[in-house]
Amino acid sequence: MYRRPEQRSNEEVLPVAKVQHLQPKLDENGRYTPCNGKSIAGDEFYVVEAVDTNHEYDIDLATEAVPGEGACEEPCPAPPKHYAELGCKPILDEGQCCPKRYECPELTDRDGNKCYFNGKIYSAGGKLAPADQEQNSCSPACFCTNNTTPATFQCASIDCFEFMDAGSEDCIHQYSLHGCCAENTVCGKEKLEKLAQCYLDDKLYYEGQRMYPADEPCRTCQCKPGFDNSTIVDNPHCYEIQCGLELHAGDRIAMGCIPIYFGNHRCCPISWKCPSDSDEVIVEGRTEQTEVPAPNMQCKFGKLTLNKGDGITSDNKCVDCKCTVPPLAHCIQRADC
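Numbering follows this note's numbering, in which position 262 of the sequence shown is assigned residue number 295; successive positions increment by one, without gaps.
As structure tokens, this is what we get:
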């Protein structure tokens, strides 16, 4: 569950013509399956379309499974969560399995008096679309407000009783699939034994409980009769956690801020780093280049232009910011600090 912390400092760290050559598919976690017909995640493969004459490919999710050539021996690292939530598309070179960059919508040239979320534009006073509101049930009654510039969403807050409940060993909380707070509490050994049971990561759960897969940190599952723990990605009782970045940090995104992730950055950011006049580029481990990289292979951050691999100075020794996969840099707060 993502909760928007109150944060104001720059680095305050708080609790996304048909061709015969086939490329692997990007799954919901941003990882690519190999193209030898043996899917790592058990997903089908997809045809791609050529988007220019330089043999770059923009993955077009089709519905027909097709085998491919040139297997990827290892899955690609999961991309930072913000690429998926901001509608960025992965771009690959021909024959490559992992994206070299992403193609993102323009984020800093948006109308400062409007709010943006999930491809929709909201004027001041506009309420979040019902389908999007359902996916963000812990932030109810969201509407766009332009009391500040850039405009941002304002939402009510919910404090679920179970968050403040110490709980009991013989009590469990039951949830609906996308609900925020528990809908029911079941206590007592006899009542629990009548419920369906699920096993995930060697742990026992009862019907209605939420489960958090160790190998899929950005997914939540619900214990239901018939739950199959052999697959998480395609499991009907599991869903991807939505960080709601544009909902909770649309103003920061519009100001060109970049997300700070904690350790393994496969899920929601914990804070944001915003541009400041003192920012400088850190050129590390890169020899002098004879050719200037194409603009789409660089990251922009405030007044800075970073080549792939370049870092950004930080006032926090525990936070490392770098241009890893253009066009957006991101930061990692090290877990060992």
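Glycine included, C-beta positions come from ideal geometry on N, C-alpha and C.
Discussion item. Rounded to the nearest angstrom, what separates Glu195 and Asn329 at their Cα positions?
Written reply: Rounded to the nearest angstrom, the gap between the Cα atoms of Glu195 and Asn329 is 47 angstroms.
Worksheet entry | Same chain, Cβ closer than 7 angstroms to Ala376, neighbours up to 5 away in sequence not counted | Missing from the structure shown is residue 376; the chain here goes from 34 to 370 and no further.
Item to complete: Please report the residue range of the beta strand (DSSP E) in which Arg252 lies.
Response: Taken as a continuous stretch (DSSP letters only), the beta strand (DSSP E) holding Arg252 covers 252-255.
Worksheet entry | Alpha carbon of Gln255 to alpha carbon of Pro326, nearest angstrom | Spanning the two alpha carbons is a distance of roughly 46 angstroms.
Item to complete: With a floor of 3 residues, list each beta strand (DSSP E) that falls wholly inside the stretch 98-186, ordered by position along the chain.
Response: Runs of the beta strand (DSSP E) inside the stretch 98-186: 122-126, 134-136, 148-150, 153-155, 176-178.
Worksheet item: In this structure, does DSSP put Leu237 in helix, strand or coil?
Response: The answer is strand: DSSP assigns Leu237 an E or B state.
Worksheet item: Should the stretch 304-314 be called in touch with the stretch 142-153, which here means at least 3 C-beta pairs below 8 angstroms?
Response: Taking 8 angstroms as the limit for Cβ pairs, the verdict is that the stretch 142-153 does not touch the stretch 304-314.
Worksheet item: From Asn169 to Ala184, what does the alpha carbon distance come to, in whole angstroms?
Response: For Asn169 and Ala184, the distance between alpha carbons rounds to 19 angstroms.
Practice prompt. Excluding the 5 residues preceding and the 5 following Glu279 in the sequence, name in chain order all residues of the same chain whose CB lies nearer than 6 angstroms to its CB.
Written response: Only Tyr149, Phe150 meet the Cβ criterion.
Practice prompt. Below 7 angstroms CB to CB, which residues in the same chain sit around Tyr232 once its five sequence neighbours on both sides are set aside?
Written response: Once the five neighbours on either side are set aside, the close Cβ partners of Tyr232 are Asn262.
Worksheet entry | Integer Cβ distance of Cys15 from Pro360, believed to fall under 8 angstroms | Residue 15 falls outside the range modelled here, since the chain spans only 34 to 370, and no answer is possible.
Worksheet item: Taking the Cβ atom as the reference point for each residue, do Cys214 and Cys188 lie within a distance shorter than 7 angstroms?
Response: Their beta carbons are not under 7 angstroms apart, which means Cys214 does not touch Cys188 by this criterion.
Worksheet entry | Separation of Gly277 from Leu119, as counted between CA atoms | If I take the Cα positions, the gap works out to 10 angstroms.
Practice prompt. With DSSP as the reference, please indicate the residues paired to Val266 in a beta bridge.
Written response: Assignment of beta-bridge partners to Val266 by DSSP yields no partner.
Discussion item. Buried or exposed, going by whether 16 or more other CB atoms sit within 10 Å of the CB of Asp343?
Written reply: Counting other Cβ atoms within 10 Å of its Cβ, Asp343 reaches 16 or more and is therefore classed as buried.
Worksheet item: So, is Thr253 buried or exposed, given that buried needs 16 or more other C-beta atoms within 10 angstroms?
Response: With 16 or more other Cβ atoms within 10 Å, it is buried.
Discussion item. Quick check on the DSSP output: the beta strand (DSSP E) that includes Asp310 runs from which residue to which?
Written reply: From DSSP, Asp310 is part of no beta strand (DSSP E); its letter is neither H nor E.
Worksheet item: What separation, rounded to the nearest whole angstrom, lies between the Cα atoms of Ile205 and Val219?
Response: Looking at the two C-alpha atoms, the distance is approximately 5 angstroms.
Discussion item. If you reduce the DSSP assignment to three classes, tell me which class Glu279 lands in.
Written reply: Glu279 falls in the helix class under three-state DSSP.
Worksheet item: Considering only residues of the same chain and omitting the five flanking positions on each side of Ser172, which have a CB-CB separation below 6 angstroms?
Response: Around Ser172: Cys188.
Worksheet item: Is Asn297 helix, strand or coil when you go by DSSP?
Response: If DSSP states are grouped into helix, strand and coil, Asn297 belongs with coil.
Worksheet item: Anyone know if the C-beta pair for Glu202 and Ser209 falls short of 7 angstroms?
Response: With a cutoff of 7 angstroms on beta-carbon distance, Glu202 and Ser209 are scored as not near each other.
Discussion item. I'd like to check one pair, Asp235 with Ala247: are the Cβ atoms closer than 7 angstroms?
Written reply: Taking a C-beta distance under 7 angstroms as the contact criterion, Ala247 and Asp235 do not qualify as a contact pair.
Worksheet entry | DSSP-derived helix/strand/coil call for Glu216 | It is coil, neither helix nor strand.
Practice prompt. Work out the CA separation of Phe295 and Lys350 for me, nearest whole Å.
Written response: Using only the alpha carbons, I get a separation of about 14 angstroms.
Worksheet item: What residue range is occupied by the uninterrupted alpha helix (DSSP H) comprising Glu223?
Response: Following the DSSP letters along the chain, one finds Glu223 inside the alpha helix (DSSP H) bounded by residues 222-226.
Practice prompt. With distances taken Cα to Cα, identify the nearest neighbour of Gly158 among Leu140, Asn180, Pro110, Asp144.
Written response: Ranking Leu140, Asn180, Pro110, Asp144 by Cα distance to Gly158 puts Asn180 first.
Discussion item. What I want to know is whether the C-beta of Tyr238 ends up closer than 6 angstroms to one or more non-hydrogen atoms of the ligand ZN.
Written reply: Ligands in the displayed structure: none, and consequently the ligand ZN is not present.
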